[in-house]
Amino acid sequence: MSRFKTLILIIGMMCTAADSMRFDLTSGSTKCISEDIKANAMTVGKYSVVNPNEGFPFPDTHKITARLLGSVKRKLHIKSVKTVVFAINIFLNFPGNQIEVSSPYGNNYHTADNIESGNFAFTAAEEGDYTACFWSLDHKPPQTITIDFEWRTGVAAKDWSKVAKKGQIEVMELELKKLYDTVTSIHEEMYYLREREEEMQELNRATNSKMATFSFLSLLVCLAVAGLQLWHLKTFFERKKLL
Amino acid sequence: MEIRRNFFAALALLLSFFIHGCSLSITLNHTECISETVHFEGDTVSGYFVVIDHDIFWGSDHPGIEFTVSSPGGAIVYALKGTSGEKFEFKAAQSGVYRFSFDNPAATPETVSFYIHVGHIPTAYELAKDDHFDPVSVRITELREALLSVTAEQKYLKARDSRHRSTNESTRKRVIFYTLAEYILLAVASSLQVVYIRRLFSKSVAYNIV
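Those protein sequences? They're chains A and B, same order as listed. Numbering follows this note's numbering, in which position 145 of the first sequence is assigned residue number 149; successive positions increment by one, without gaps. Numbering follows this note's numbering, in which position 9 of the second sequence is assigned residue number 5; successive positions increment by one, without gaps.
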């Protein structure tokens, strides 16, 4: 019975316990953090401003604005172009919360204005760089705001409490399931790395052959130019009756 | 009373399982600092950072950035200078908030891709406090930490590969355009030579003697 209770406690804890990073944001400036997310990968993020006065109500000067933008990196082939679309909107501080979600190509995935904490979760439709930007208004005197930020993608973002609820799954079994998922994601990542290495090898080989061609061509150009010069001067001097 | 003990033991075990890292990239204008909390003393903090170079066409390579880790007490635990990417690992002597700072000495902003992971393996003592948990859980935690380190290594490799890729593309661009510029300059120099010689010979009779 107590084992069951322990299990319930563990499952209850699973969605909340996590570590996060913190960074400082001076008022009036922008900070952007980006992450490369694969196609069809789940991603979950949470951000909150650390209350500078513990126990007191949250000051208005410490509210931030957050945006999540997507930019798509096309598959880097030698002939194709890397497309990066990045939009920063600096705008005035309007009170109230507005949330909008749309698709990539530089559009917003998450918008939140003048808030102290928020979160976002979505499945990335395409592979690319997704950027989360935070900024705060200029205040006098300039404030330094500490933001607690957490962003998880792929295996770490999966909601394990749902999986555990499906049946009375043992803790160990759940952990082993997680490890199995981690191993699968490692394997997939290896495929991606292998592909990239192949592209790079192709690129290098092409550069190598280009360099050979151009060097040979430069010899020919040099000889041709020298020959032209000589021929032109010879005819010039023969016309001037000097030769 | 037992529920309370269970609660704390569960929390300890879970914190050990759920200390995540994050793999992100930021644009480094001058200095950027990230703070991470280390909950337990003796935890291993591992990670990497890689400077993703932009396509540098005319200029020389970036000198590298400076990386420092300061402990909660303010002492510098780890410091690297003039590096463009490193993997680091150290054992945290004290628990608290550790600060990871990147400093860019050059004027151009650089993109830094980094990953920090704080890993904790529960000792037998912590588990012995509550006899509901198997010693197998220590093994599973070790396995999880090992897998996470493999994942971290892979991410490092991916970031380095991306930087290598950008260097290669820059090489390709330089090969093509510098060579074309060389051809054009050669043609221009030789035609200037010819024009000059023609001018020397077109003026007065005194130049009849070659």
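Where a beta carbon is used, it is the ideal one built from N, C-alpha and C, also for glycine. Here the structure is a predicted model, which means the values were calculated and not measured.
Under the three-state reduction of DSSP, which class applies to residue i: helix, strand or coil?
i: T147(B); result: helix
i: D28(A); result: strand
i: F96(B); result: strand
i: V190(B); result: helix
i: S42(B); result: strand
i: I117(B); result: coil
i: N164(B); result: helix
i: T10(A); result: Any answer about T10(A) is weak, because its pLDDT of 44 lies below 50 and its placement is not dependable; what the coordinates show is given next. T10(A) falls in the helix class under three-state DSSP.
i: S91(B); result: coil
i: T104(B); result: coil
i: N212(A); result: helix
i: A70(A); result: strand
i: A290(B); result: The structure shown does not extend to residue 290(B), since chain B spans only -3 to 206, so no value can be given for it.
i: K169(B); result: helix
i: S133(B); result: helix
i: Y56(B); result: Correcting the residue type first, residue 56(B) is Ser in the shown sequence and not Tyr. Of the three classes helix, strand and coil, the one that applies to S56(B) here is coil, per DSSP.
i: A125(A); result: strand
i: K83(B); result: strand
Assuming residue i and residue j form a contact by the criterion Cβ under 8 angstroms, report the distance between their Cβ atoms to the nearest whole angstrom.
i: A226(A); j: L143(B); result: Reading off the sequence shown, one finds Cys at residue 226(A), where the question assumed Ala. In fact, because the Cβ distance is near 58 angstroms, the residues do not count as touching under 8 angstroms.
i: T148(A); j: T30(A); result: 5 angstroms
i: K162(A); j: D185(A); result: 7 angstroms
i: T188(A); j: I41(A); result: At roughly 17 angstroms, the Cβ-Cβ gap does not stay under 8 angstroms, so T188(A) and I41(A) are not in contact.
i: H160(B); j: M204(A); result: 7 angstroms
i: E39(A); j: S19(B); result: 7 angstroms
i: I190(A); j: T163(B); result: The Cβ separation is near 26 angstroms, so there is no contact.
i: I136(B); j: M215(A); result: Going by Cβ atoms, the distance from I136(B) to M215(A) rounds to 53 angstroms, so no, they are not a contact pair.
i: N25(B); j: P101(B); result: Contact doesn't hold; Cβ gap of about 12 angstroms is too wide.
i: L207(A); j: L153(B); result: The pair is not a contact, with the Cβ atoms about 18 angstroms apart (cut-off 8 angstroms).
i: K67(A); j: N118(A); result: 5 angstroms
i: F218(A); j: T175(B); result: 4 angstroms
Can you tell me where the beta strand (DSSP E) holding residue i begins and where it ends?
i: E174(A); result: First-last for E174(A): undefined, no H or E at that position.
i: L247(A); result: Run containing L247(A): none; DSSP gives neither H nor E here.
i: F36(B); result: Where F36(B) is concerned, there is no enclosing beta strand (DSSP E), given that its DSSP letter is neither H nor E.
i: D133(A); result: 132 to 139
i: S38(A); result: 34 to 41
i: A116(A); result: 112 to 119
i: D152(A); result: 148 to 157
i: E58(A); result: No beta strand (DSSP E) contains E58(A), which DSSP labels as neither H nor E.
i: K162(A); result: Segment: none, K162(A) is in no beta strand (DSSP E) and carries neither H nor E.
i: T79(B); result: 72 to 79
i: T64(B); result: 61 to 66
i: S52(A); result: 46 to 53
Starting from the C-beta of residue i, find all residues in its chain whose C-beta is less than 8 angstroms away, skip the five residues before and the five after it, and write them out in chain order.
i: N57(A); result: P63
i: T127(A); result: N44, A45, M46, T47
i: S24(A); result: K50, D152, F153, E154
Kindly list the residues whose CB is nearer than 6 angstroms to the CB of residue i, restricted to its own chain and excluding five residues on each side of it in sequence; keep chain order.
i: K77(B); result: E62
i: T150(A); result: R26, D28, V54
i: W139(A); result: T34, T69
i: I30(B); result: F96
i: F95(A); result: Bear in mind that a pLDDT of 30 at F95(A), under 50, signals an unreliable position, so the number given afterwards is only what the model happens to contain. There are no such residues.
i: L247(A); result: F241
i: G70(B); result: none
i: E28(B); result: I22, F98
i: F4(B); result: The pLDDT assigned to F4(B) is 45, lower than 50, so where the model puts this residue is not dependable; a value taken from the coordinates is nonetheless given after this. For F4(B), where only same-chain residues beyond five positions count, there are no Cβ hits under 6 angstroms.
i: K151(B); result: S19, Y111
i: A88(B); result: V34, D39, V41
Beta-carbon within less than 7 angstroms of residue i's beta-carbon, same chain only, minus the 5 sequence neighbours each way: which residues are those?
i: V114(B); result: I15, E32, V34, D39, V41
i: R195(B); result: none
i: G122(A); result: Y51, A70, A116
i: E138(B); result: I117
i: D49(B); result: H58, R159, S162, T163
i: G86(B); result: This sequence places Phe at residue 86(B); Gly is not what is there. Taken in chain order, the residues that qualify are V41, V73, Y74.
- Please determine if the segment 38 to 47 of chain B and the segment 81 to 95 of chain B are in contact, where contact requires at least 3 C-beta pairs separated by less than 8 angstroms. yes
- Message: With a threshold of 8 angstroms, are at least 3 pairs of Cβ atoms found where one atom belongs to the segment 64 to 77 of chain B and the other to the segment 88 to 98 of chain B?
- Response: yes
- Query: Do the segment 167 to 175 of chain B and the segment 103 to 117 of chain B make contact, defined as three or more Cβ pairs closer than 8 angstroms?
  - Reply: no
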